[in-house]
Amino acid sequence: MSTSQLLMDMFEAMARALGPQHWWPAKTPWEVIVGAILTQNTAWRNVEKAITRLEEAGALEAERMRGLEESTLAEYIRAAGTYRVKAARLKRFVDFFYERHRGDLEAMFATPLRTLRDELLSVRGIGRETADAILLYAGHLPTFVVDAYTARILRRHGLIDEEATYDEMQEFFAFHLPENVDLYNEYHALLVQVGKRYCRPKARCEGCPLESFEHDMTR
DNA sequence: GACCAGGCACATC
DNA sequence: GATGTGCATGGT
Numbered sequence: 009m010s011t012s013q014l015l016m017d018m019f020e021a022m023a024r025a026l027g028p029q030h031w032w033p034a035k036t037p038w039e040v041i042v043g044a045i046l047t048q049n050t051a052w053r054n055v056e057k058a059i060t061r062l063e064e065a066g067a068l069e070a071e072r073m074r075g076l077e078e079s080t081l082a083e084y085i086r087a088a089g090t091y092r093v094k095a096a097r098l099k100r101f102v103d104f105f106y107e108r109h110r111g112d113l114e115a116m117f118a119t120p121l122r123t124l125r126d127e128l129l130s131v132r133g134i135g136r137e138t139a140d141a142i143l144l145y146a147g148h149l150p151t152f153v154v155d156a157y158t159a160r161i162l163r164r165h166g167l168i169d170e171e172a173t174y175d176e177m178q179e180f181f182a183f184h185l186p187e188n189v190d191l192y193n194e195y196h197a198l199l200v201q202v203g204k205r206y207c208r209p210k211a212r213c214e215g216c217p218l219e220s221f222e223h224d225m226t227r
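Those letters in the first sequence? Residues 9 to 227, per the working numbering, in order.
Structure below.
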């Protein structure tokens, strides 16, 4: 069987077992961006608290966030953890957004994908996963999001090298899957759910939708 | 009380 | 290039 077929079979198995994931859980593209930064190494539950706090403060909007003191912003997002670091990251992103794209989301996402990805990566505090999450879930641009769960699942199923880098894993999906935003969206969301529920470190694979696929849970 | 969560930057070797 | 560490809250 081809790797492409295998990846699609795995997708179908996860989709059947878990259903539609409805990512990204946000009302606006700007909220996606804020959430992408806040969720770095953080449980989504705590990100929701921070987002709610921002909303209550009327700060969940680029222009309003721009006018906030960094220390004030930090207090609003405290529940998301590493809050001083993240307040600085949000501020830097807002600056970039206005200086480079005049605060225009539509214009920003009209930038060619590779160019925009490089721009995002040049903002301190925006790494590969955050950049790709912004591009895919806020901009609806076809870039695959890789994360720790994705890496573990790919490794356990022997699909990639143990030491594959982020970019190598992303290229793996880009090479073997059709370039489709909706597919990328759902695929990543499903991998995260499977990772959380079944593919934890040292955990067994019982009940995992991917259990019937060749795997080695010791990895 | 340890461990983890939808990472990233920076120092050091 | 690889490895180690700080950031920090809140749930299990």
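C-beta: ideal position from N, C-alpha, C; glycine also.
If you're wondering where the values come from, they're calculated on a predicted model, not measured in any experiment.
Is DSSP giving Phe155 helix, strand or coil here?
-> Walking along the first sequence from the start, residue 155 turns up at place 147. Position check: residue 155 holds Asp in this sequence, whereas Phe was assumed. Asp155 falls in the coil class under three-state DSSP.
Regarding Leu98 and the ligand GTP, is the C-beta to nearest heavy atom distance less than 6 Å?
-> Questions concerning the ligand GTP fall outside what the structure shown contains, since it holds no ligand whatsoever.
Please list, in chain order, all residues of the same chain as Arg4 whose beta carbon is under 7 Å from its beta carbon, the five residues on each side excluded.
-> The structure shown does not extend to residue 4, since the chain is modelled only from 9 through 227, so no value can be given for it.
Where are the alpha helix (DSSP H) runs, 4 residues long or more, that stay fully inside the region 89–171, in chain order?
-> 91–109, 113–117, 121–129, 136–141, 156–164
Test item: CB-CB of Tyr84 and Arg61 under 7 Å | In the first sequence, residue 84 corresponds to position 76, counting from 1. In the first sequence, residue 61 corresponds to position 53, counting from 1. Yes, they are a contact pair.
To the nearest angstrom, report how far apart Glu78 and Gln13 are at their CA atoms.
-> Counted from its first residue, the first sequence places residue 78 at position 70. Counted from its first residue, the first sequence places residue 13 at position 5. Taking the straight line joining both Cα atoms gives about 48 Å.
Cβ-based neighbour list, Ala44, same chain, cut-off 6 Å, excluding 5 preceding and 5 following | Numbered from 1 along the first sequence, position 36 holds the residue referred to as residue 44. Thr138, Ala141, Ile142.
Can you tell me which of Asn54, Val40, Leu167 puts its alpha carbon nearest to the alpha carbon of Glu222?
-> Reading the first sequence from its first residue, position 214 is the one you call residue 222. Of the candidates Asn54, Val40, Leu167, the one whose C-alpha sits nearest the C-alpha of Glu222 is Leu167.
Is the beta carbon of Ala21 less than 7 Å from the beta carbon of Pro217?
-> Walking along the first sequence from the start, residue 21 turns up at place 13. Walking along the first sequence from the start, residue 217 turns up at place 209. Yes; because the gap between Cβ atoms is below 7 Å, this pair is in contact.
Please classify Gln178: does DSSP put it in a helix, a strand, or coil?
-> As a first step, residue 178 is located in the first sequence; it is residue number 170 there, counting from the start. Correct three-state label for Gln178: helix.
Out of Gly135, Ala34, Gly147, point me to the one whose CA is closest to Met116's CA.
-> Position 108 of the first sequence holds residue 116. The option with the nearest alpha carbon to Met116 is Gly147.
Nearest to Arg110 by alpha carbon, out of Glu71, Ala58, Ser10, Arg212?
-> Reading the first sequence from its first residue, position 102 is the one you call residue 110. Looking at the Cα atoms, Glu71 is the closest of the given residues.
State the DSSP-derived secondary structure class of Arg227, mapped to helix, strand or coil.
-> Looking up residue 227 in the first sequence gives position 219. Look at Arg227 here: in three-state DSSP terms it is coil, with no helix or strand label.
Given Asp103 as reference, the closest of Met73, Ile161, Thr80 once Cα atoms are compared = Position 95 of the first sequence, counted from the start, is the residue given in the question as residue 103. Comparing Cα positions, the closest option is Met73.
Give the straight-line distance between the Cα atoms of Met174 and Leu81, rounded to the nearest whole angstrom.
-> On the first sequence, position 166 is the one that residue 174 refers to. On the first sequence, position 73 is the one that residue 81 refers to. Rather than Met, the amino acid found at residue 174 in this sequence is Tyr. C-alpha separation (whole angstroms): 31 Å.
Does the Cβ-Cβ distance between Tyr145 and Leu199 come in under 7 Å?
-> Taking the first residue of the first sequence as 1, we reach residue 145 at position 137. Taking the first residue of the first sequence as 1, we reach residue 199 at position 191. The answer is no: Cβ separation not under 7 Å.
Write down the C-beta distance between Leu113 and Trp38 rounded to the nearest angstrom, noting that I regard them as a contact closer than 8 Å.
-> Counting from 1 along the first sequence, the entry for residue 113 is found at position 105. Counting from 1 along the first sequence, the entry for residue 38 is found at position 30. Indeed they touch by this definition, with Cβ atoms about 7 Å apart.
C-beta contact flag for Asn54 and Ala87 at 7 Å = The count along the first sequence starts at 1 and reaches residue 54 at position 46. The count along the first sequence starts at 1 and reaches residue 87 at position 79. Against a cut-off of 7 Å, the Cβ pair of Ala87 and Asn54 comes out as a contact.
Would you identify the three-state DSSP class for Gly43, choosing helix, strand or coil?
-> Here residue 43 is taken as the residue at index 35 of the first sequence, counted from 1. Reduced to three states, the DSSP call for Gly43 is helix.
Run through the region 10–41 for me and flag every whole alpha helix (DSSP H) of 4 or more residues, listed as ranges in chain order.
-> 11–26
Pro28 to Lys204 span [Cα, whole Å] = Your numbering for residue 28 matches position 20 in the first sequence. Your numbering for residue 204 matches position 196 in the first sequence. Distance from the CA atom of Pro28 to the CA atom of Lys204, rounded to whole angstroms, is 16 Å.
Would you give the residue range spanned by the alpha helix (DSSP H) that Leu62 belongs to?
-> For the purposes of this step, residue 62 is taken as residue 54 along the first sequence, with counting starting at 1. Where Leu62 is concerned, the enclosing alpha helix (DSSP H) stretches over 52–64.
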